[in-house]
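Novice: In UniProt numbering, the protein residues as written are 1 to 177.
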Amino acid sequence: MITLKGDTIYLRALEPEDLEFVYGMENDQSIWEVSNTNTPYSRFLIRQYLENAQQDIYEAKQLRLAICQDQDFPAIGLIDLFEFDPRNNRAGIGIVIQKDENKRQNIGSEALELLIKYSFFNLNLHQLYANISTKNEASIALFTKFGFEKIGIKKDWILLNNQYHDEAIFQLINKNI
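#1: State the DSSP-derived secondary structure class of Tyr129, mapped to helix, strand or coil.
#2: Have a look at Gly94 and Arg43 and give me their C-alpha separation to the nearest angstrom.
#3: Between Leu14, Gly147, Lys135 and Cys68, which lies nearest to Ile153 when the distance is taken from Cα to Cα?
#4: What three-state label does DSSP hand Ala66 in the structure shown?
#5: To the nearest angstrom, how far is the alpha carbon of Asn52 from that of Val22?
#6: With a threshold of 6 angstroms on Cβ separation, who are the neighbours of Lys155 within its own chain once the five nearest residues in sequence on each side are excluded?
#7: Considering only residues of the segment 142-166, which uninterrupted beta strand (DSSP E) runs meet the minimum length of 3 residues and lie entirely inside it, listed in chain order?
#8: Indicate the three-state DSSP secondary structure (helix, strand or coil) for Gln48 in the structure shown.
#9: If I measure Cβ to Cβ from Asn162 and keep anything under 7 angstroms in the same chain, skipping five residues before and after, which residues do I get?
#10: If I follow the unbroken alpha helix (DSSP H) through Glu83, where does it start and stop?
#11: Between which two residues does the beta strand (DSSP E) containing Leu123 stretch?
#12: Under a Cβ-count criterion, where at least 16 other Cβ atoms within 10 Å of its own Cβ denotes burial, should Tyr164 be classed as buried or exposed?
#13: If we call anything under 9 angstroms between Cβ atoms a contact, is Leu45 one with Ala13?
#14: Excluding sequence positions up to five away, which residues of its chain have a Cβ less than 6 angstroms from the Cβ of Ala168?
#15: Which residue comes first and which comes last in the alpha helix (DSSP H) that contains Ile116?
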């Protein structure tokens, strides 16, 4: 899809060859806080997920795409639409880049911009939202760069290292609908 290709990255559907990448991402405890994960996943479960990942977004209510930097195919991150609600034309959006050396290179910005455009122009969504820890300054800066507005705080929402942390909800309304 041409709509999912940017200047330096492109977004693609997950493939069976992504098994080890997705397995590594899902089991990386350093990102469990942002992915709402608290238990490891087996290769068996990831394989089953990848076999069903080709379901239509209207059926699965989610869309997970690999972020790729060049034509040699390997993923460097994941970007998701989740809790897709076609009745109310909205979805949650989340992004994670795997390695630190790939962060702060505009990859997240380009991927987020592509998925926002796809969501608004191809899926005709009215709004997107993101749940972001109030400590995650990089994600807050990324989403607010694209016009997401903080609409609320969920107090003591995330338990991390025996301490509760607040989570903010950000929303972007499609002004073209």
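A virtual CB, placed ideally from N, CA and C, is assigned to each residue, including glycine.
Specialist: Once the coordinates are examined:
#1: If you number the sequence shown from 1, residue 129 lands on position 129. The answer is strand: DSSP assigns Tyr129 an E or B state.
#2: Counting from 1 along the sequence shown, the entry for residue 94 is found at position 94. Counting from 1 along the sequence shown, the entry for residue 43 is found at position 43. Each residue's Cα considered, the two are about 22 angstroms apart.
#3: What you label residue 153 is simply residue 153 of the sequence shown in a count that begins at 1. It is Lys135 whose Cα lies nearest to the Cα of Ile153.
#4: Translated into positions along the sequence shown, residue 66 becomes position 66. In this structure, Ala66 counts as strand in the three-state DSSP scheme.
#5: Taking the sequence shown and counting its residues from 1, the one referred to as residue 52 is at position 52. Taking the sequence shown and counting its residues from 1, the one referred to as residue 22 is at position 22. So the alpha carbons of these two residues sit roughly 14 angstroms apart.
#6: What you label residue 155 is simply residue 155 of the sequence shown in a count that begins at 1. Same-chain partners within the cutoff: Asp166.
#7: 149-160
#8: On the sequence shown, residue 48 is found 48 positions in, with the first residue counted as 1. Gln48: helix per DSSP, three-state reduction.
#9: Within the sequence shown, residue 162 is the residue found at index 162, counting from 1. Result list for Asn162: empty, nothing under 7 angstroms.
#10: Taking the first residue of the sequence shown as position 1, residue 83 is located at position 83. Here Glu83 belongs to no alpha helix (DSSP H); instead the beta strand (DSSP E) covers Ala75 to Asp85.
#11: Walking along the sequence shown from the start, residue 123 turns up at place 123. Here Leu123 belongs to no beta strand (DSSP E), and DSSP marks it neither H nor E.
#12: Stepping through the sequence shown from its first residue, residue 164 is reached at position 164. Classification for Tyr164: exposed.
#13: Locating residue 45 in the sequence shown gives position 45, where the first residue counts as 1. Locating residue 13 in the sequence shown gives position 13, where the first residue counts as 1. Result no, Cβ atoms of Leu45 and Ala13 do not sit closer than 9 angstroms.
#14: Locating residue 168 in the sequence shown gives position 168, counting from the first residue. Cβ within range, chain order: Ile132, Thr134, Lys150 and Ile153.
#15: In the sequence shown, residue 116 corresponds to position 116, counting from 1. From DSSP, the alpha helix (DSSP H) with Ile116 extends over Ile107 to Lys117.
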